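Visitor: Okay, here's the structure, questions in a sec.
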Amino acid sequence: MPEPGSQPLTIANRSFASRLFVGTGKYQTYDLMRDSLAASACEVVTVAVRRERLYNDQGKSLLEFIDTKRYTILPNTAGCFSASDAIRVALLGRDLLEQLDNPGANWVKVEVLGDKKTLLPDPMGTVEATRELVKQGFQVLAYTSDDPIAAIRIKEAGAASVMPAGSPIGSGQGVLNRNNILLCLELLKQGDPTYPVIVDAGVGSASDVSQAMELGADGVLLNTAIAHAKDPVMMAHAMRHACIAGRQSYLAGRIPKKLYATASSPWEGTISYIPGE
């Protein structure tokens, strides 16, 4: 019998059993990255085409440690600060993955950043890059802030998925503004409840992943929380289970919060003390 809440996540006509997307940067070694990806049970991994060194100082290639038959590689434009740079990097990523015959060849995670200190997205640049890349045949998954209006504009530009941040990239602060994430989910899914919305960036622990999923997100993308954990492989296991638990909790429906206590057992039929007896 399938596990409750195990319906696949569908993005751009591709379906995935796992709703956890994991990055490939910041690991101490490629072996640790490979083992962490396996422990997370993810099916989509992100690679920063602009900044990722395909070979380390020992001459080892990142791609030697990623099973390109097992994982869909999602190239991202991390480190780009203009739409034109993001478009150029996306095209480079497509050329690379076409050579590998990977299904992510026409996919791209668009990041157009506003500045180096906050790494917050440039909404206008993101919309511009998304619109142009869609014209060039890409399935665009777009990183954005938790601003619901910016999220809508990116969807209107043709994004296959909008990915609002829980908090700034790598900050580990979790979901800082639950209400904005809820608004993003409500507005992006108007008219199409299956439209995929993935919380991207800022999670630091398994509870952060569960919280994002309990809000109704369709998935979570993370990197630093695993790569910089004291035990990345164990953290990857935790993130895997947290994503499943959060999804199941959301689908099951939580009880409403109340100011006062509610007894778990009925008062009727309880044993009463009668003085003198």
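For the record, in the sequence shown the residue sitting at position 152 is 182 according to this note's numbering, with numbers rising by one throughout.
Note that beta-carbon positions come from the ideal geometry of N, C-alpha and C, so glycine has one too.
These numbers were taken from a predicted model, which means no experiment stands behind them.
(1) What would DSSP say about Thr174, mapped onto helix, strand or coil?
(2) Which complete alpha helix (DSSP H) runs does the stretch 153 to 213 hold, if anything under 4 residues is left out?
(3) So what's Leu149 in DSSP terms, helix, strand or just coil?
(4) By alpha-carbon positions, which one of Asp65, Cys72, Gly53 ends up nearest to Pro47?
(5) Quick check for students: name the residue ranges of the alpha helix (DSSP H) that lie wholly in the stretch 71 to 148, counting only runs of 4 or more.
(6) For a test of the three-state rule: what should DSSP assign to Pro34, helix, strand or coil?
(7) Report yes or no: do three or more beta-carbon pairs, one from the stretch 200 to 214 and one from the stretch 153 to 160, lie closer than 8 Å?
(8) Between which residues of its own chain and Pro38 is the CB-CB distance below 7 Å, once the five residues before and five after are set aside?
(9) State the Cα-Cα distance for the pair Arg64 and Lys56, rounded to the nearest angstrom.
(10) Taking the alpha carbon of Arg208 as the point to measure from, which residue in Ile184, Gly35, Ser175 has its own alpha carbon closest?
(11) How would you label Leu127, buried or exposed, when you count the other beta carbons within 10 angstroms and need 16 or more for buried?
(12) By how many angstroms is the C-alpha of Asp222 removed from the C-alpha of Asp131?
(13) Expressed to the nearest angstrom, what Euclidean distance is found between the alpha-carbon atoms of Ser235 and Met243?
(14) If you run the structure through DSSP and keep just helix, strand and coil, what is Asp222?
(15) Might you give, ordered along the chain, the residues of its own chain that have their beta carbon closer than 7 Å to the beta carbon of Arg277, omitting 5 neighbours on each side?
(16) In the DSSP output, which residue or residues are listed as bridge partners for Ser45?
(17) Give me whichever residues DSSP pairs with Ile274 in a beta bridge.
(18) Just checking my contact of Ile256 with Phe51 at CB under 8 Å: how many whole Å lie between their CB atoms?
(19) Using CA atoms only, rank isn't needed, just tell me which of His267, Leu245, Val250, Ala181 is closest to Gly283.
(20) By DSSP, does Leu245 sit in helix, in strand, or in coil?
(21) Ignore the nearest five residues each way along the sequence and tell me which others in Leu281's own chain have a CB closer than 8 Å to its CB.
(22) Using alpha carbons as the reference points, say which of Ala272, Asp230, Leu213 lies closest to Ala108.
(23) Where does Ala239 fall in DSSP's three states?
(24) Report yes if the CB atom of Leu62 is closer than 7 Å to the CB atom of Ala120, and no otherwise.
(25) Assuming Gly215 and Ile182 are in contact, meaning their beta carbons sit under 8 Å apart, how far apart are those beta carbons, in whole angstroms?
(26) Take the Cβ of Pro15 as the centre, count every other Cβ of all protein chains shown within 10 Å, and call the residue buried at 16 or more, exposed below.
(27) Using a Cβ-Cβ cutoff of less than 8 Å, which residues in the same chain neighbour Glu82 once the five nearest sequence positions on both sides are dropped?
(28) Tell me, please, which residues DSSP counts as bridged to Val250.
(29) Could you say which of Lys288, Leu212, Ile274, Gly196 lies nearest to Leu252 if we only look at CA atoms?
Guide: Working from what's here:
(1) Indexing the sequence shown from 1 puts residue 174 at position 144. If DSSP states are grouped into helix, strand and coil, Thr174 belongs with the strands.
(2) 153 to 165, 178 to 186
(3) Counted from its first residue, the sequence shown places residue 149 at position 119. Looking at Leu149 - three-state DSSP - the assignment turns out to be coil, as it is neither helix nor strand.
(4) The sequence position of residue 47 within the sequence shown is 17, counting from 1. Reading the sequence as shown, one finds Ala at residue 47 and not Pro. Closest by alpha carbon: Cys72.
(5) 113 to 130
(6) The count along the sequence shown starts at 1 and reaches residue 34 at position 4. In this structure, Pro34 counts as coil in the three-state DSSP scheme.
(7) no
(8) In the sequence shown, counting from the first residue as 1, residue 38 sits at position 8. Once the five neighbours on either side are set aside, the close Cβ partners of Pro38 are Ser45, Phe46, Ala47.
(9) Residue numbering aside, residue 64 sits at position 34 when the sequence shown is read from its first letter. Residue numbering aside, residue 56 sits at position 26 when the sequence shown is read from its first letter. Taking the straight line joining both Cα atoms gives about 12 Å.
(10) Position 178 of the sequence shown, counted from the start, is the residue given in the question as residue 208. Of the listed residues, the one whose Cα sits closest to Arg208 is Ser175.
(11) Residue mapping note: residue 127 aligns to position 97 of the sequence shown, counting from 1. Buried, because 16 or more other Cβ atoms sit within 10 Å of the Cβ of Leu127.
(12) As a working mapping, residue 131 is identified with position 101 in the sequence shown. As a working mapping, residue 222 is identified with position 192 in the sequence shown. Each residue's alpha carbon lies about 31 Å from the other.
(13) Within the sequence shown, numbered from 1, the residue matching residue 235 stands at position 205. Within the sequence shown, numbered from 1, the residue matching residue 243 stands at position 213. Distance between the alpha carbons of Ser235 and Met243 is about 13 Å.
(14) In the sequence shown, residue 222 corresponds to position 192, counting from 1. Correct three-state label for Asp222: coil.
(15) Locating residue 277 in the sequence shown gives position 247, where the first residue counts as 1. Excluding residues within five positions, the ones whose Cβ falls inside 7 Å are Gly35, Arg49, Met243.
(16) In the sequence shown, the residue the question calls residue 45 occupies position 15. BP columns for Ser45 point to Thr40.
(17) Position 244 of the sequence shown, counted from the start, is the residue given in the question as residue 274. None, per the DSSP bridge assignment.
(18) Along the sequence shown, read from residue 1 onward, the residue named residue 256 stands at position 226. Along the sequence shown, read from residue 1 onward, the residue named residue 51 stands at position 21. That pair is no contact at about 11 Å.
(19) As a first step, residue 283 is located in the sequence shown; it is residue number 253 there, counting from the start. Here the closest residue by C-alpha is Leu245.
(20) Against the sequence shown, residue 245 aligns to sequence position 215. Leu245 falls in the coil class under three-state DSSP.
(21) Locating residue 281 in the sequence shown gives position 251, counting from the first residue. Within the same chain, Leu281 has close Cβ partners Pro34, Gly35.
(22) For the purposes of this step, residue 108 is identified with residue 78 of the sequence shown, where counting begins at 1. Checked all of Ala272, Asp230, Leu213; the closest Cα to Ala108 is Asp230.
(23) On the sequence shown, position 209 is the one that residue 239 refers to. Position check: residue 239 holds Val in this sequence, whereas Ala was assumed. It is helical.
(24) The residue you call residue 62 lines up with position 32 of the sequence shown. The residue you call residue 120 lines up with position 90 of the sequence shown. In this structure, Ala120 does not lie closer than 7 Å to Leu62 by Cβ.
(25) Residue 215 sits at position 185 when you count from the first residue of the sequence shown. Residue 182 sits at position 152 when you count from the first residue of the sequence shown. For the sequence presented, residue 215 should be read as Leu rather than Gly. Contact flag wrong, Cβ pair sits at about 12 Å.
(26) Residue 15 cannot be examined here, being either before or after the span of the chain that is shown, 31 to 307.
(27) Sequence index remark: in the sequence shown, residue 82 carries index 52 (1-based). Low confidence applies to Glu82: its pLDDT is 48, below 50, so where it sits in the model is not reliable, and the reading given next is rough at best. Thr54, Gly55, Leu92, listed in sequence order.
(28) Translated into positions along the sequence shown, residue 250 becomes position 220. Partner(s): Leu50, Val229.
(29) Here residue 252 corresponds to residue number 222 of the sequence shown, with the count starting at 1. Nearest of Lys288, Leu212, Ile274, Gly196 to Leu252, Cα basis: Gly196.
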